[in-house]
Amino acid sequence: MQAAQFQYDFFSEENAPKWRGLLVPSLNKVLNQVHPNLASQEEALQYIEELILLLLSMLCQAQPRTVQDVAERVQKSFPHPIDKWAIADAQAAIEKRKRRNPLALPVDKIHPLLKEVLGYKIDHQVSVYIVAVLEYISADILKLAGNYVRNIRHYEISQQDISVAMCADKVLMDMFHQDEEDISGFPLMDEEPSASEEQTYYDLVKAFMAEVRQYLRDLNLIIKVFREPFATNTMLFSHHNIFSRIVDIHEVTLKLLGLIEDTVEMTDEGSPHPLVGSCFEDLAEELAFDPYETYAQDILRTGFHDHFLSQLSKPGAAFYLQQLEEKSEDEEDKECLKQAITALLNLQSSMERICSKSLAKRRLSESACRFYSQQMKGKHLAIKKMNEIQRNIDGWEGKDIGQCCNEFIMEGTLTRVGAKHERHIFLFDGLMICCKSNHGQPRLPGASAAEYRLKEKFFMRKVQINDKDDKEGEYRHAFEIILKDGNSVVFAAKSAEEKNGWMAALISLQYRSTLERMLDTAMLQEEKEEQMRLPGAEIYRFAEPDSEENVVFEENVQSKSGIPIIKAGTVLKLIERLTFHMYADPNFVRTFLTTYRSFCKPQELLDLLMERFDIPEPKPTEADQMAMENGDQPLSAELKRFLVAPLKVLNVCRHWVEHHFYDFERDAQLLRRLEEFIGMVRGKAMRKWVESITKIIQRKKQAQANGPSHNITFESLPPPIEWHISKPGQMEQFDLMTLHPIEIARQLTLLESDFYRAVQPSELVGSVWTKEDKELNSPNLLRMIRHTTNLTLWFEKCIVETENLEERVAVVSRIIEILQVFQELNNFNGVLEVVSAMNSSPVYRLDHTFEVSIVRQKKILEEAHELSEDHYKKYLAKLRSINPPCVPFFGIYLTNILKTEEGNPDFLKRHGKELINFSKRRKVAEITGEIQQYQNQPYCLRVENDIRKFFENLNPMEDMMEKEFADYLFNKSLEIEPRNARSLPRFPKKYSCPLKSPGVRPSSSRPGTMRHPTPLQNEPRKISYSRIPDSETESSAASAPNSPRTPLTPPPASAASSSTDICSVFDSPQGPSSPFHSSTYMLSSMVSFHRSTEDAPVPPPMMSKHLDSPPAIPPRQPTGKVYSPRYSLTDRTSVSEPPDSPPTLPPREPVRTPEVFASSPLLLQPPPQGRRSEQSHFFPTSPFPPPLPPQTPSPLGPRKHLPSPPLLPLDCELLQGAAGPPLPPRQSTSQTAIPKLPPKTYKREPAHPSMHRDGPPLLENANPS
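The letter at position 323 of the sequence shown is residue 323 when you use full-length UniProt numbering, and the numbering goes up by one with no holes.
Written out as structure tokens, the structure reads:
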């Protein structure tokens, strides 16, 4: 194929840019035609492009000027029979060109370039012909490579895949590598484990299914390629006498494969493996395997060559059954397999008796001369065998056998005619090696111990096999090997039987790829001719053909299994694909049953499934009526294929009751209708499906009657209950300070884990927890939200109602200890509950309290706060790094679901019709799937019922409304620490018990029990939140992907800031991490410097809420990366005040007007008594709500001393018109007006000239209050 005399070089520096990449997009189209469910790497298509250009160079060597010239060049250069098929395709392309059936390759781009290649202008029709030939070869390469990729269960074609597939194809090797000595075959790395290794039951089932599929293809080859010519010439041949009951064997094989596939599909996700014993038992009881006996008797009659039996004589079925029985863990399945083995014993004995009489004993290597080599099976054994043979051959030169061959076929002794020397022949799929035996020759010291000496070798792709008639006196039982140069070698066998064995092996190797192409062509033609006949769409609505008006698929996106992914469709089309007869899509079934309630009610779904199940028979045609009059049943095969859809309906029903039984718990009529429906199902094929559904329903009913079971077995005993001041049974004394902090955290973690694990996906789809029927549709989610609200408010109430400073410091310390245990238990929801309470307006302003707190505990609080920064980057990294059990933070999921629901339409318009946007439902299902992956692992902790009841019945608001309770907390906070007070009022002590904490280490542990985890700060090697990198350069893996599960990137610095002091733990956006906020909150917060000093201090106004509003409390967290430090009171001095003057404290309470509060996108959610705001304000309705006035932030974290001027640029007049919350006047000894500080962004610092640079001190003109 090298263009030695051809002047044009396609790959030169001058010409390569003209051709490089020209064909790649078109080759992708060709791939979609031959393998629509496979993708290809760019390098693979570029490699095929190079091969096609080599082919074009070869065609242009003949200087063609007409179509006939090109056809003659193809006939001379292309191997048989691919030359005829390529010419036929090219001729069809010329004829179809006028009928607007263009080729995939770009003829219009190649045609002008061919003038430059040939040096003269050719007719456009000649260019079309050439391009059609090139397209046929490219399609052939892609089809071959795609078959190989699917066989090895991959979904993308690589360049290596193409090379490997071509090495196994003699036709393509002859075309592209005619002048090369030998080409490396399949790579010998990354091999599969040896068959001798231990295999599980499921591994055996998968291997058996793959074996049966290959066996079925072999049967198709016999029936559709070899049998077809005999069947079409009934006057000359009796195909039954030649092929016996091969069609019956094909039918039982197809039935067995279908039964096993159905069983695998209906296997529960929690089951260790599918139970396939009943498949064999059913067929054995029907005597379905009996055609094998008749077939063996007919085929093995005298004179019938044994190579026709090579597909059927392997005793593999009984071996598989025995292995399955040994590996099965289910007693019922074992019994089925035993019954099947017993039923097949007589048939096995009969087959062995027939074969023993008619078949000569063979070595294992000679027993299976198959047309389709099993390249992926027993590869290690094949390599071992080839290496062993090569070591036994003296004088071997060149590449190893394993580099140019993939399997060993057979060996034996033949006589070379002429010289009459005996030669020992080793036959591989790529080589034929002729050796001379070394036996009987004297061995010199140091001589090779090899058994054979190499005489010659033949590459199988470079030889032709020719049968030779017996010639008296010269040779008998001979065949000829013809080399490329015309020379030939004749070998003779000892008997006709041996010759038949050699000829069968050689011919199968010679024509394997050709026969494979013939089979593909025959099956494609059969598929076109035998389209499944459906009833009319007016009778059966699911028979409507696909069109852009009823179903749309994702472009260039396919699942790993190669199944097209639905983007949008009508309800009927979604149900049709849910029960599609061509393939099974478990992911689609799972997603549909999770999300269907957003566009279809359960009763409607059951109606549609029942309609899909009842398929009317299509009206018979005239040909059918004539066939029926003759006693034939022409529609039987088609109806059998169509029965797959009803089985799929039952499969969907089984998944429905298994994973979404709450639909039936809420609607007794729905369950009754389903039971009536499956009770009417008839047919043996449906029996086990009905039994499976019935068992699941009974199990679910029993579980519903008995209540949830908490009997879980752990590897170790749970740790003992920790007690502090309150003892068991003293519920009236239970309180934050009397219970042990470890046990508080443990019991809250168990409670919240139960709440989290109880949330069903259907409670989230469609944001139903914000709709009218939320109590019915999202009971578990609302229970978790309300618990979170109550617990956060309880923490706040415990702090502000503790009036004595010493006791209040102890309360804060105790809550931080609980947070510490939450961290150790991976209860992220609990961690953010504490952070929310500490960042709330009534608590955060308690400067004196936090000033006295322990530095180490403040560090713990800062680390916990950092979890929510930067789009929860550190939290997400921590969640991915830990092992369950854990309690994830639910707020992120709710926010991402809301953003997905609000940011994507429910319907897509196509040709004026609205189709259900299923891609939106798939995105939501991905989020719910992430939630579910953390719902499986429980905690190894013991429930203490009294403490659990105490926290289940928390009601910190008592009978107050939300506004009233919020005012109460804030006023109480002002009472215990007045604004800008130099000294605090004295209050009596509240607690009579000791304030000293018992600590966060378990007090005792017994051998064999699980100890409580070591605190993070006491175990330096343990990952803490602060050690997770902050920047992308430190760790890119920690950043969350930009997906529906990840908040979006913040707007640019110029974007307006939104409200930040949000009131629900379940509102994940926090400060700059929020997609609803500007990343430069500082900019908008500086507007407060220019607000009027006449604004009076007012308590934070709250708006009342409806009683049914879902409660939630967010972590009120700072909106900037810079925090005000909780510094020492003795260090705080104003720039304009004497050093010993009282400190001036910035306001920490959010002072918001009612209209500002009402416009906040995320608001506090109430407990069952009812709290604030409308459902429409619970979460934003779009990913980017309108800018809102900045609220008072409540930062918590490392509050570092920061210079003031950098936060107030000289050109800040541009910001004077911006709106902001009213702020109270500052307390100061000066008589001048004090400029407004940005609330909670930073604090005033001691005077330092270098920090203020050239500007005046900020408080230079401060006025007294």
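Beta carbons: idealized from backbone N, C-alpha and C, even for Gly.
Per-residue DSSP class, three states only, for Pro545: coil
Could you check what DSSP says for Phe280 in three-state terms: helix, strand or coil? helix
Is the beta carbon of Ala492 less than 8 Å from the beta carbon of Leu427? no
Three-state class that DSSP yields for Ala492 in the structure shown: strand
Once DSSP output is grouped into helix, strand and coil, what is the label at Glu456? Correct three-state label for Glu456: strand.
Beta-carbon within less than 7 Å of Gln857's beta-carbon, same chain only, minus the 5 sequence neighbours each way: which residues are those? Ser813 and Ile816
Please state whether DSSP places Glu13 in a helix, a strand or coil. DSSP places Glu13 in coil when its eight states are reduced to three.
Determine the closest residue to Cys886 out of Gly929, Glu944, Tyr872 and Phe822, with distance taken between C-alpha atoms. Phe822
Run the CB neighbour count on Phe10, radius 10 Å, all protein chains shown included, and call it buried at 16 or more, exposed below. buried
Applying the 10 Å Cβ sphere with the 16-neighbour rule, what's the burial state of Gly891? buried
Count the other C-beta atoms from every protein chain shown that fall within 10 angstroms of the C-beta of Tyr120, then say buried if there are 16 or more, exposed otherwise. exposed
If you compare alpha carbons, which of Ser836, Lys920, Pro994 and Ala93 is closest to Ser726? Pro994
What is the DSSP secondary structure of Ile152, counted as helix, strand or coil? coil
Near Ser365, which residues of its chain fall below 7 Å by C-beta distance, leaving aside the five closest residues on each side in sequence? Annotation note: pLDDT 36 at Ser365 (below 50); position unreliable, coordinate value reported separately. Counting only Cβ-Cβ distances below 7 Å, and skipping sequence neighbours, we find Phe408, Met410 and Glu411.
Gln63 (DSSP reduced to helix, strand or coil): coil
Would the beta-carbon of Cys435 fall within 8 Å of that of His421? No, the pair does not count as a contact, with Cβ atoms beyond the cut-off.
Can the beta-carbon of Ser767 be found less than 8 Å from the beta-carbon of Ile897? yes
On the three-pair Cβ rule with 8 Å, is the segment 774-789 touching the segment 749-763? Judged by Cβ distances under 8 Å, the segment 774-789 makes contact with the segment 749-763, as three or more pairs qualify.
Kindly list the residues whose CB is nearer than 6 Å to the CB of Gln935, restricted to its own chain and excluding five residues on each side of it in sequence; keep chain order. Arg757
Residue closest to Asn37, alpha-carbon to alpha-carbon, out of Ala231, Val128, Pro719 and Tyr155: Tyr155
Do you know offhand how far Ser12's Cα is from Lys18's? 10 Å
Express the C-alpha separation of Leu454 and Asn438 in angstroms, rounding to a whole number. 10 Å
Pairwise C-alpha distance: Ser57 and Pro79: 17 Å
Can you tell me whether Ala584 is helix, strand or coil according to DSSP? coil
Suppose contacts are defined by Cβ-Cβ distances below 8 Å. Is Val34 in contact with Ala139 by that definition? Taking 8 Å as the Cβ cut-off, Val34 and Ala139 qualify as a contacting pair.
What do you get for Glu901, buried or exposed, if any count of 16 or more other CB atoms within 10 angstroms of its CB means buried? Glu901 is buried by the Cβ-count criterion.
Take the Cβ of Ile162 as the centre, count every other Cβ of all protein chains shown within 10 Å, and call the residue buried at 16 or more, exposed below. buried
Beta-carbon gap between Trp689 and Arg654 smaller than 8 Å: yes
For the structure I just gave you, are there three or more beta carbon pairs, one from the segment 127-138 and one from the segment 108-119, closer than 8 Å? yes
From this set, Asp520, Leu791 and Leu105, which residue's C-alpha is nearest Asn220's C-alpha? Asp520
Considering just the uninterrupted stretch of the alpha helix (DSSP H) at Gln937, what are its terminal residues? It is not in any alpha helix (DSSP H) - Gln937 carries neither H nor E in the DSSP assignment.
If you draw a straight line from the alpha carbon of Pro646 to that of Leu259, how long is it in whole angstroms? 14 Å
Compute the Euclidean distance between the alpha carbons of Ala16 and Gln510, then round it to the nearest angstrom. 36 Å
From the DSSP output, in three-state form, read off Glu604 for me. helix
Host beta strand (DSSP E) of Pro564 (start-end): Pro564 to Gly569
For Glu14, count the other beta carbons within 10 Å of its own beta carbon; 16 or more makes it buried, fewer makes it exposed. Which is it? In the assembly as shown, Glu14 is an exposed residue. Its beta-carbon has fewer than 16 other beta-carbons within 10 Å.
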